């Protein structure tokens with residue numbers, strides 16, 4: 834069954850229809866969550882030339898003031914590793930943002946992570 838399926842990247846019309854739907858859904862999320870930067874990763878060579886304009890159009894159509902809200906759209910050079918690096922960055926950000934001064938860690942119910950190193 835998989836062998837008989839046609840890749841969406843081989844049919845330009847199917848690719849554009851698919852990207853249009855993806856952009857509409859992304860625009861809804863971007864406008865709802867007020868996201869300032871969008872990073873698109875993975876195998877982006879086939880969509881890099883058309884997706885930014887499609888996403889901007891969808892952002893404008895989905896916005897109350899018909900603007901793109903200044904959202905920056907960038908393509909990641911990390912390829913398929915972008916998700917792994919993003920997840921690792923979120924974990925590190927969460928861990929490092931919990932650091933608090935040593936002098937008052939004993940009075941808090943939640944202890945910072947670095948107290949385990951002492």
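In the numbering used here, the protein residues as written are 834 to 951. All C-beta atoms, glycine included, are put in the ideal place defined by N, C-alpha and C. Small disclaimer: the values here were computed from a predicted structure and weren't measured.
Under DSSP, the beta-bridge partners assigned to residue 906 are 871.
Within 10 angstroms of the beta-carbon of residue 868 lie fewer than 16 other beta-carbons, which makes it exposed. Secondary structure of residue 877 (DSSP, three-state): coil. If you draw a 10 Å sphere on the C-beta of residue 926, you find fewer than 16 other C-beta atoms in it, and that means exposed.
DSSP places residue 916 within a helical segment (H, G or I) once states are collapsed to three. Rounded to whole angstroms, residue 862 and residue 920 show a C-alpha spacing of 19 Å. With a 10 Å radius around the Cβ and a threshold of 16 neighbouring Cβ atoms, residue 898 comes out exposed. Under the three-state reduction of DSSP output, residue 896 falls in the coil class, being neither helix nor strand. Comparing C-alpha distances from residue 865 to each of 844, 882 and 904 shows the shortest one belongs to 904. Within the same chain, Cβ atoms closer than 7 Å to the Cβ of residue 900 are found at 893, the five residues on either side in sequence being excluded.
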